[in-house]
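>
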Amino acid sequence: MSKYRYPIDNDQFQEIREQGMLYVDKTDLMYNLANSCKYVFLARPRRFGKSLLCNTFKAYFKGQRELFEGLKVMELERETEWKKHPVLHFTMSGLKNVTVPEAKSKLENFIRDYEKVYGHEASDVTPGARFRGLIHHAAKKTGEKVVVILDEYDSPIMRLMYDKEQLDAMRSMLREFYQVLKDEGEYLRFVFITGVTKFSQLSIFSELNNLNQISMDDDYSGICGITQEELDTVLRPCVEEYAERLSISIDEAYALLKKNYDGYHFSKNSKDVYAPFSLLRALSKGETDCFWFESGTSTALVEHLRHHPGFNPLDFDGVELSLGAFNAPCESAETPIPLLYQSGYLTIQSYDREEEVYCLRFPNYEVRQGMVNGLSNYLMDMDSLERDAVVLSMSRALKRGELSEALSQLRSFIAGLPYDIITKKEWMAKGKREAFYKLLFYIIFSLLNSKVDTEVKSVLGRADVVIRTKKDIFVLELKVDDTVENALAQIDGKGYAIPYEADGRRVTKCGVNISGEQRNISHWRIVDAEGNVVDDVSF
180 MSKYRYPIDN
190 DQFQEIREQG
200 MLYVDKTDLM
210 YNLANSCKYV
220 FLARPRRFGK
230 SLLCNTFKAY
240 FKGQRELFEG
250 LKVMELERET
260 EWKKHPVLHF
270 TMSGLKNVTV
280 PEAKSKLENF
290 IRDYEKVYGH
300 EASDVTPGAR
310 FRGLIHHAAK
320 KTGEKVVVIL
330 DEYDSPIMRL
340 MYDKEQLDAM
350 RSMLREFYQV
360 LKDEGEYLRF
370 VFITGVTKFS
380 QLSIFSELNN
390 LNQISMDDDY
400 SGICGITQEE
410 LDTVLRPCVE
420 EYAERLSISI
430 DEAYALLKKN
440 YDGYHFSKNS
450 KDVYAPFSLL
460 RALSKGETDC
470 FWFESGTSTA
480 LVEHLRHHPG
490 FNPLDFDGVE
500 LSLGAFNAPC
510 ESAETPIPLL
520 YQSGYLTIQS
530 YDREEEVYCL
540 RFPNYEVRQG
550 MVNGLSNYLM
560 DMDSLERDAV
570 VLSMSRALKR
580 GELSEALSQL
590 RSFIAGLPYD
600 IITKKEWMAK
610 GKREAFYKLL
620 FYIIFSLLNS
630 KVDTEVKSVL
640 GRADVVIRTK
650 KDIFVLELKV
660 DDTVENALAQ
670 IDGKGYAIPY
680 EADGRRVTKC
690 GVNISGEQRN
700 ISHWRIVDAE
710 GNVVDDVSF
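The sequence shown: position 100 = 279 (this note's numbering), numbered continuously.
#1: Give me, in chain order, the residues of the same chain whose beta-carbon lies closer than 7 angstroms to that of L519; leave out the 5 immediate sequence neighbours on both sides.
#2: To the nearest angstrom, how far is the alpha carbon of Y185 from that of W471?
#3: Can you check DSSP and say which residues form a bridge with V498?
#4: Report the three-state DSSP secondary structure of T270 (helix, strand or coil).
#5: Using beta-carbon positions only, say whether V370 and V252 come within less than 8 angstroms of one another.
#6: Determine the burial state of Y341: buried for a count of at least 16 other Cβ atoms within 10 Å of its Cβ, exposed for fewer.
#7: Where do the N-terminal and C-terminal ends of the alpha helix (DSSP H) with V418 fall, by residue?
#8: Please state whether the Cβ-Cβ distance between E419 and I429 is less than 8 angstroms.
#9: Cα-Cα, which of A585, L589 and S625 is closest to N552?
#10: Please report the straight-line C-alpha distance between S583 and K377, rounded to a whole angstrom.
#11: With a Cβ-Cβ cutoff of 8 angstroms, do M271 and P306 count as a contact?
#12: By Cβ distance below 8 angstroms, which residues in the same chain neighbour V279 in space, the five residues on each side in sequence not counted?
#13: Quick one: residues in its chain with C-beta nearer than 6 angstroms to the C-beta of F269, no 5 flanking neighbours on either side, listed in chain order?
#14: Which residue comes first and which comes last in the beta strand (DSSP E) that contains V370?
#15: Assuming H264 contacts R368 under a Cβ cut-off of 8 angstroms, what Cβ separation, rounded to an integer in Å, is found between them?
#16: Could you check where the beta strand (DSSP E) with T526 kicks off and where it finishes?
#17: What is the DSSP secondary structure of V645, reduced to helix, strand or coil?
#18: How is I622 classed by DSSP in three states: helix, strand or coil?
#19: So what does W703 bridge to, in DSSP terms?
#20: Going by the DSSP bridge assignment, what does Y453 pair with across the sheet?
#21: Could you say which of A454, D714 and F445 lies nearest to K438 if we only look at CA atoms?
#22: Just the Cα atoms here: how many angstroms apart are A608 and C233?
#23: Taking the C-alpha atoms as reference points, what is the distance between Y357 and F310?
#24: To which residues of the same chain is F445 closer than 8 angstroms at the C-beta, ignoring the five residues directly before and after it?
#25: Using the three-state DSSP reduction, which class does D567 fall into: helix, strand or coil?
#26: Please report how far the alpha carbon of N699 lies from the alpha carbon of K229, in whole angstroms.
#27: Can you round the beta-carbon distance between K688 and L667 to whole angstroms, since I take them to be within the 8 angstroms contact cut?
#28: What's the C-alpha gap between I705 and L231?
#29: Helix, strand or coil for I328 per DSSP?
#30: Just to confirm the assignment, what range does the alpha helix (DSSP H) spanning V252 have?
#31: For the candidate residues K275, N276 and L267, whose alpha-carbon lies nearest to that of R291?
#32: Where G465 and Q548 are concerned, what is the direct C-alpha to C-alpha distance, given to the nearest angstrom?
#33: Going straight from the alpha carbon of Q521 to that of P515, what length do you get?
#34: Taking C-beta to C-beta, are V160 and E581 nearer than 8 angstroms?
#35: Between the Cα of W261 and the Cα atoms of E323, G273 and L274, which residue gives the shortest distance?
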């Protein structure tokens with residue numbers, strides 16, 4: 180059991196501070212925003228600390244000075260300036276997955292709680308009118324301007340993206356509510372809005388023309404999440420404990436955490452950011468697991484991808500795009516890339532200033548494997564026990580050095596898939612069955628990564644699959660309706676096996692052909708490092 184108190188599933192700043200839980204200090208960034216901007220919007224993936232930041236702002240503007248003792252803001256805020264403001268904090272995630280009338284009722288309940296404190300006018304009947312009156316009454320009663328915090332503003336509409344009637348109704352109700360923020364600026368001290376995605380049709384971005392969007396601002400790239408610097412300094416004792424519990428070195432612990440939870444970049448020159456929920460869970464438990472996907476993230480992803488048939492999300496790992504192509508409003512996007520980026524499935528790896536393009540990639544192993552697991556459950560129409568049995572049998576064969584046996588098991592598994600799996604799942608048009616089977620192979624080999632060290636770079640080019648065990652390194656190239664000769668020639672011609680020649684383990688090369696007609700593996704040939712044929716199997 181850890182000796183540190185981690186705020187797992189706790190975004191309440193006051194509780195974290197009063198109970199002595201671990202807190203990574205970002206109050207200097209909070210102070211800079213609060214005293215330089217009036218309207219601020221921040222987009223970050225789910226479970227990235229947005230709600231904790233909202234609650235930190237809330238405590239600051241309520242003048243709860245005692246909660247900030249020892250934090251950076253105390254060096255910036257003069258003692259006489261801890262002014263108390265009325266704070267209206269709305270957590271909009273409470274309005275998700277409900278009908279529009281239910282959402283309206285819940286929003287009215289939120290407002291009613293504040294009306295009990297500040298008063299209201301009986302003539303105000305709609306949420307927008309009541310919100311407007313509430314701001315007026317709060318300012319009048321306290322003699323101070325009002326602070327409004329809207330956390331997860333887009334939650335009520337995320338699941339309505341493809342239900343036009345419900346989306347229009349929800350949008351209309353929320354627009355009236357959000358419009359108040361523009362109209363009542365003279366009564367407002369600070370407005371902070373968070374969300375995951377951009378929805379242009381809500382008009383919140385166009386109507387609040389002075390909205391300061393810091394989502395891709397270098398200075399605030401680390402305002403949520405844990406930066407590499409913070410992990411190296413403030414959290415180093417936690418990493419040392421993590422290493423001790425796993426019986427590994429400090430360097431190995433850092434490498435393990437980086438592989439699984441690091442990799443997020445939110446601007447051109449972003450700090451290196453770890454996913455806070457997953458990182459803190461790993462440190463607290465002394466385990467390494469895929470925590471980010473525990474609450475159904477992949478289900479929402481697959482629902483979104485169904486409306487973009489023909490797109491393989493795994494192909495987007497390494498895609499190069501202009502800013503407008505991946506930071507566009509989700510409901511009008513022609514590809515799933517904007518949602519994949521804004522939801523945290525893809526992140527910025529680099530920016531080419533000369534070409535003005537960004538390269539997007541999966542941020543880390545946790546996200547990539549979560550994507551693969553979600554797609555495997557959907558595409559293969561099988562439960563996790565069946566899937567894990569296939570992966571386990573293949574990994575055991577590979578650890579014995581029996582690549583041919585692993586491929587035989589894979590071929591048998593594919594032969595047992597329902598013939599109508601593609602059309603039944605509405606994944607792709609019939610003319611793209613070959614692409615489907617390449618995706619299927621990609622997923623299978625990616626799943627092996629939980630058992631053996633597997634690197635799947637791309638099924639459309641470069642070395643398709645590299646598998647490492649204690650004794651062997653297997654380099655595979657996949658072809659569809661081609662020849663194993665061409666697959667092996669590509670491995671040699673491109674030098675895919677060269678990086679592993681000095682490794683000390685046995686290097687084996689394998690060309691695999693997938694038959695579009697058979698819809699399965701039709702031929703594989705395995706050769707050793709000298710080019711001698713070890714096995715040649717065709718069907």
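Here a beta-carbon is modelled for each residue, glycine too, at the ideal position from N, C-alpha and C.
Put simply:
#1: Against the sequence shown, residue 519 aligns to sequence position 340. These residues qualify, in order along the chain: P492, F495 and L525.
#2: In the sequence shown, counting from the first residue as 1, residue 185 sits at position 6. In the sequence shown, counting from the first residue as 1, residue 471 sits at position 292. Cα to Cα, Y185 sits roughly 16 angstroms from W471.
#3: On the sequence shown, residue 498 is found 319 positions in, with the first residue counted as 1. V498 pairs with L539.
#4: Sequence index remark: in the sequence shown, residue 270 carries index 91 (1-based). In the structure shown, T270 sits in a strand (DSSP, three-state: E or B).
#5: By 1-based counting over the sequence shown, the position of residue 370 is 191. By 1-based counting over the sequence shown, the position of residue 252 is 73. For V370 and V252, no; Cβs fall outside 8 angstroms.
#6: Here residue 341 refers to the residue found at position 162 of the sequence shown. Its Cβ having fewer than 16 others within 10 Å, Y341 is exposed.
#7: Here residue 418 corresponds to residue number 239 of the sequence shown, with the count starting at 1. Its alpha helix (DSSP H) spans residues R415 to L425.
#8: Here residue 419 corresponds to residue number 240 of the sequence shown, with the count starting at 1. Here residue 429 corresponds to residue number 250 of the sequence shown, with the count starting at 1. Cβ atoms of E419 and I429: closer than 8 angstroms.
#9: For this step, residue 552 is matched to residue 373 along the sequence shown. Comparing Cα-Cα distances from N552 to each of A585, L589 and S625, the minimum goes to S625.
#10: Within the sequence shown, residue 583 is the residue found at index 404, counting from 1. Within the sequence shown, residue 377 is the residue found at index 198, counting from 1. Cα to Cα, S583 sits roughly 48 angstroms from K377.
#11: Locating residue 271 in the sequence shown gives position 92, where the first residue counts as 1. Locating residue 306 in the sequence shown gives position 127, where the first residue counts as 1. Not closer than 8 angstroms, so no.
#12: As a first step, residue 279 is located in the sequence shown; it is residue number 100 there, counting from the start. Closer than 8 angstroms at Cβ, skipping near neighbours: Q345, A348, M349 and M352.
#13: Residue 269 sits at position 90 when you count from the first residue of the sequence shown. Only F289 and L329 meet the Cβ criterion.
#14: On the sequence shown, position 191 is the one that residue 370 refers to. L367 to G374 is the extent of the beta strand (DSSP E) around V370.
#15: The residue you call residue 264 lines up with position 85 of the sequence shown. The residue you call residue 368 lines up with position 189 of the sequence shown. Going by Cβ atoms, the distance from H264 to R368 rounds to 5 angstroms, so yes, they are a contact pair.
#16: Your numbering for residue 526 matches position 347 in the sequence shown. Where T526 is concerned, the enclosing beta strand (DSSP E) stretches over T526 to D531.
#17: Within the sequence shown, the letter at position 466 stands for residue 645. In this structure, V645 counts as strand in the three-state DSSP scheme.
#18: By one-based count along the sequence shown, residue 622 stands at place 443. I622 falls in the helix class under three-state DSSP.
#19: The count along the sequence shown starts at 1 and reaches residue 703 at position 524. Beta-bridge pairing links W703 to V691 and V716.
#20: One-based indexing of the sequence shown puts residue 453 at position 274. Y453 is bridged to I405.
#21: Looking up residue 438 in the sequence shown gives position 259. Among A454, D714 and F445, the Cα nearest to that of K438 is on A454.
#22: The sequence position of residue 608 within the sequence shown is 429, counting from 1. The sequence position of residue 233 within the sequence shown is 54, counting from 1. Note that A608 has pLDDT 43, beneath the 50 cutoff, so the model's placement of it is unreliable and no number is given.
#23: Position 178 of the sequence shown, counted from the start, is the residue given in the question as residue 357. Position 131 of the sequence shown, counted from the start, is the residue given in the question as residue 310. C-alpha separation (whole angstroms): 9 angstroms.
#24: Here the question's residue 445 lines up with position 266 in the sequence shown. Cβ within range, chain order: R223, S394, M395, S400, V452, T526 and I527.
#25: As a position in the sequence shown, residue 567 is number 388, starting the count at 1. Helix at D567.
#26: Taking the first residue of the sequence shown as 1, we reach residue 699 at position 520. Taking the first residue of the sequence shown as 1, we reach residue 229 at position 50. Those two C-alpha atoms are separated by around 46 angstroms.
#27: Position 509 of the sequence shown, counted from the first residue, corresponds to residue 688. Position 488 of the sequence shown, counted from the first residue, corresponds to residue 667. So it is a contact: roughly 6 angstroms between Cβ atoms.
#28: The residue labelled residue 705 in the question sits at position 526 within the sequence shown. The residue labelled residue 231 in the question sits at position 52 within the sequence shown. Roughly 54 angstroms separates the two Cα atoms.
#29: The residue you call residue 328 lines up with position 149 of the sequence shown. Strand, per DSSP.
#30: Walking along the sequence shown from the start, residue 252 turns up at place 73. That run of the alpha helix (DSSP H) goes V252 to L255.
#31: As a position in the sequence shown, residue 291 is number 112, starting the count at 1. Here the closest residue by C-alpha is L267.
#32: As a working note, residue 465 is residue 286 in the sequence shown. As a working note, residue 548 is residue 369 in the sequence shown. Roughly 20 angstroms separates the two Cα atoms.
#33: In the sequence shown, residue 521 corresponds to position 342, counting from 1. In the sequence shown, residue 515 corresponds to position 336, counting from 1. Using only the alpha carbons, I get a separation of about 10 angstroms.
#34: Any answer about residue 160 is impossible in this case: the structure gives the chain only from 180 up to 718.
#35: If you number the sequence shown from 1, residue 261 lands on position 82. Among E323, G273 and L274, the Cα nearest to that of W261 is on E323.
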